[in-house]
Amino acid sequence: MKVHVSRRKLESYAYILVQENRITHVDNRFLKLSGYGKDDIMGQDISQVCSELLRLTYDIRLLKRGQETACFLFTKDLYPRKVTVMLRQENDVKIIGFKEDINWSIEDKFPFIDRLCDHNTLGTGIFAITPNIVLLKANETFLSFFDEPFNKRENAIGRQIQEFVTGWKGSGAEKIWEKILEKGEYFHINEYEYDRLERGTTYWKTILMPIHGKNGVQYVAEVTEEITQVVLDRKRIEEQNVMISQQKEQLEMALQMKDEFFSMISHEFKTPLNVIYSAVQAMELICGDELSDKGKGFINKIRQNTFRQLRLVNNILDITRMNARQFSMHIKNLDIVFLTKAIAESVELYAKQKDIQINFTSEVEQAVIGIDDEKYERILLNLMSNAIKFTPRNGRINVNLADNEDTIRIEIEDTGIGIPKEKQKEIFERFGQVDSSLSRQAEGTGIGLSLVKRFVEAMGGNISLTSEVGTGSTFTILLPKNQAEEVDTFNSPLGLTNDRLINTIRIEFSDIYLT
Numbered sequence: 001m002k003v004h005v006s007r008r009k010l011e012s013y014a015y016i017l018v019q020e021n022r023i024t025h026v027d028n029r030f031l032k033l034s035g036y037g038k039d040d041i042m043g044q045d046i047s048q049v050c051s052e053l054l055r056l057t058y059d060i061r062l063l064k065r066g067q068e069t070a071c072f073l074f075t076k077d078l079y080p081r082k083v084t085v086m087l088r089q090e091n092d093v094k095i096i097g098f099k100e101d102i103n104w105s106i107e108d109k110f111p112f113i114d115r116l117c118d119h120n121t122l123g124t125g126i127f128a129i130t131p132n133i134v135l136l137k138a139n140e141t142f143l144s145f146f147d148e149p150f151n152k153r154e155n156a157i158g159r160q161i162q163e164f165v166t167g168w169k170g171s172g173a174e175k176i177w178e179k180i181l182e183k184g185e186y187f188h189i190n191e192y193e194y195d196r197l198e199r200g201t202t203y204w205k206t207i208l209m210p211i212h213g214k215n216g217v218q219y220v221a222e223v224t225e226e227i228t229q230v231v232l233d234r235k236r237i238e239e240q241n242v243m244i245s246q247q248k249e250q251l252e253m254a255l256q257m258k259d260e261f262f263s264m265i266s267h268e269f270k271t272p273l274n275v276i277y278s279a280v281q282a283m284e285l286i287c288g289d290e291l292s293d294k295g296k297g298f299i300n301k302i303r304q305n306t307f308r309q310l311r312l313v314n315n316i317l318d319i320t321r322m323n324a325r326q327f328s329m330h331i332k333n334l335d336i337v338f339l340t341k342a343i344a345e346s347v348e349l350y351a352k353q354k355d356i357q358i359n360f361t362s363e364v365e366q367a368v369i370g371i372d373d374e375k376y377e378r379i380l381l382n383l384m385s386n387a388i389k390f391t392p393r394n395g396r397i398n399v400n401l402a403d404n405e406d407t408i409r410i411e412i413e414d415t416g417i418g419i420p421k422e423k424q425k426e427i428f429e430r431f432g433q434v435d436s437s438l439s440r441q442a443e444g445t446g447i448g449l450s451l452v453k454r455f456v457e458a459m460g461g462n463i464s465l466t467s468e469v470g471t472g473s474t475f476t477i478l479l480p481k482n483q484a485e486e487v488d489t490f491n492s493p494l495g496l497t498n499d500r501l502i503n504t505i506r507i508e509f510s511d512i513y514l515t
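Taking UniProt numbering, the leading residue of the sequence shown gets 1, the next gets one more, and so forth.
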């Protein structure tokens with residue numbers, strides 16, 4: 001049956017004719033508008049063509065006679081066109097017209113977002129609110145986020161969001177969109193979790209930009225980046241940090257128990273050592289004249305090794321106290337020039353055994369600063385005993401003191417064996433000792449310099465080393481020129497002839513045998 005259609009009524013519309021829900025005629029303008037051929041459309045069910053081929057964002061079955069409505073139509077190439085659809089009827093023939101809005105194109109409407117879509121760095125999509133949320137355009141990165149088969153353009157473009165996003169209904173993402181459409185506000189979230197995709201829990205960084213029209217939000221542009229791997233890596237690191245923290249706590253507890261054990265054992269060792277030393281003194285006092293030279297030699301060896309063990313015990317106790325933060329400094333205002341010179345001169349007897357010359361020089365006659373004299377004693381005696389041990393015969397040790405504005409600089413320089421560069425950091429570590437033939441001959445645990453460093457730092461200073469193998473080493477100490485609050489007499493800073501210094505020298509120099 002031939003139907004005559006008024007050209008006046010349809011002059012600005014592309015149209016199709018429908019009888020009994022089947023398409024019986026297609027206007028050439030409609031073919032040009034949609035990009036489809038006659039064979040794609042003729043004889044097909046109108047509802048199926050509109051929903052499946054054209055992906056019309058309005059349900060054509062709801063269109064009333066004489067009604068016109070705006071919606072989107074998608075071409076064969078899935079390009080969105082904004083059209084007005086109207087329905088006319090002559091007898092039993094429906095005339096459905098499509099009029100394109102020639103002032104609307106996705107490139108002109110969203111130039112920046114459209115350019116983002118052309119690149120695949122970030123997932124970018126443009127949605128129309130019809131009022132359903134319909135995907136107008138998206139790049140490959142955006143589509144790759146979805147489960148199959150919706151990661152293909154032909155299965156997502158022109159579809160409602162709940163059709164291609166797995167588990168959309170009732171999800172957190174749906175609630176976010178509802179809020180945006182209600183308030184019309186820009187939305188940016190650095191991280192959110194979506195656990196309804198087939199591949200499991202995923203994490204996303206998203207920007208949603210609503211675009212307003214006369215009746216509220218008409219479009220939403222989305223820029224999304226999947227950050228699942230970043231979040232999983234971060235969570236893995238956080239878990240590892242928790243594990244490391246727990247292991248650290250366990251290690252610290254073990255170290256604390258070890259320090260407590262060392263402290264207990266050291267105290268237990270110190271008591272018999274003091275008894276042995278007292279017995280040696282008593283033997284020398286009571287029957288010293290009756291001992292043979294061989295017996296006196298044995299007594300000297302006992303005393304020497306007693307001092308060595310006392311030095312080890314004292315060092316372990318001090319390190320244990322420092323680790324337990326139970327270590328205290330007794331700062332006094334003392335003349336460090338007088339003190340340093342006296343200590344240097346007090347060990348000349350040990351140096352002469354190897355024909356080593358000790359020289360003391362100072363740029364200033366007097367410098368009163370706040371220091372712990374007993375700790376300073378042990379610092380210098382340890383450094384000088386090492387210098388004597390590791391300096392060959394006929395060598396030289398220079399003790400130099402200088403004023404450096406805010407600090408006092410003390411240098412102990414020797415012409416000894418030197419320390420390899422790769423080993424220089426190790427010597428300040430606990431039990432660190434340079435592995436050379438000469439150092440192996442010198443007995444000791446290697447904890448002395450670790451303790452020296454901690455003593456210096458406890459007084460607010462620092463210690464450094466420069467050394468060259470075969471030439472010698474220089475230890476440099478910088479101490480601040482601060483003074484203690486309480487006033488102390490510094491004219492006789494230590495009483496250097498007292499028993500304490502003599503005893504300290506004997507202990508620190510216990511590895512150097514007097515002939």
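For glycine and all other residues, C-beta sits at the position ideal for the given N, C-alpha and C.
3 or more residues per run - each beta strand (DSSP E) lying fully within the stretch 205–257: 216–226
Using the Cβ count rule (16 or more neighbours within 10 Å means buried), how would you classify I102? exposed
To the nearest whole angstrom, what separates the beta carbons of F127 and Y219, a pair I think is in contact under 8 Å? 6 Å
Does the count of Cβ pairs from the stretch 399–417 and the stretch 448–455 closer than 8 Å reach three? no
Kindly give me the distance between the Cβ atoms of residue 520 and V85, rounded to whole angstroms, as I take these residues to be in contact under 8 Å. Residue 520 falls outside the range modelled here, since the chain spans only 1 to 515, and no answer is possible.
Below 8 Å between beta carbons: does that hold for M322 and D372? no
With distances taken between CB atoms, is the gap from I477 to G461 smaller than 8 Å? yes
Determine the burial state of I427: buried for a count of at least 16 other Cβ atoms within 10 Å of its Cβ, exposed for fewer. buried
Can you give me the C-alpha to C-alpha distance between G416 and A351, rounded to a whole angstrom? 13 Å
I need the DSSP call for K425, collapsed to helix, strand or coil. coil
At which residues does the alpha helix (DSSP H) containing K21 begin and terminate? Reading the sequence as shown, one finds Asn at residue 21 and not Lys. Looking at the DSSP string, N21 is not in any alpha helix (DSSP H), and its letter there is neither H nor E.
Helix, strand or coil: how does DSSP classify G461 here? coil
Can you find the residues in the same chain that come closer than 7 Å, C-beta to C-beta, to Y36, ignoring five residues on each side of it along the sequence? L53 and K76
Which residues bound the alpha helix (DSSP H) around V337? I336 to S346
Taking the Cβ atom as the reference point for each residue, do I356 and G395 lie within a distance shorter than 8 Å? yes
Tell me, please, whether the stretch 109–127 touches the stretch 223–239 by the rule of three or more beta-carbon pairs shorter than 8 Å. yes
Three or more C-beta pairs closer than 8 Å, one from the stretch 40–53 and one from the stretch 17–28: is that the case here? yes
Go through the stretch 42–115 residue by residue and report every complete run of the beta strand (DSSP E) that reaches 3 residues or more, in order. 68–74, 80–90 and 93–100
So for G444, helix, strand or coil by DSSP? The predicted model places G444 with a pLDDT of 43, which falls under 50 and marks its position as unreliable; any figure quoted below should be read in that light. Correct three-state label for G444: coil.
Is it true that the CB of R196 sits closer than 8 Å to the CB of T166? yes
T271 (DSSP reduced to helix, strand or coil): helix
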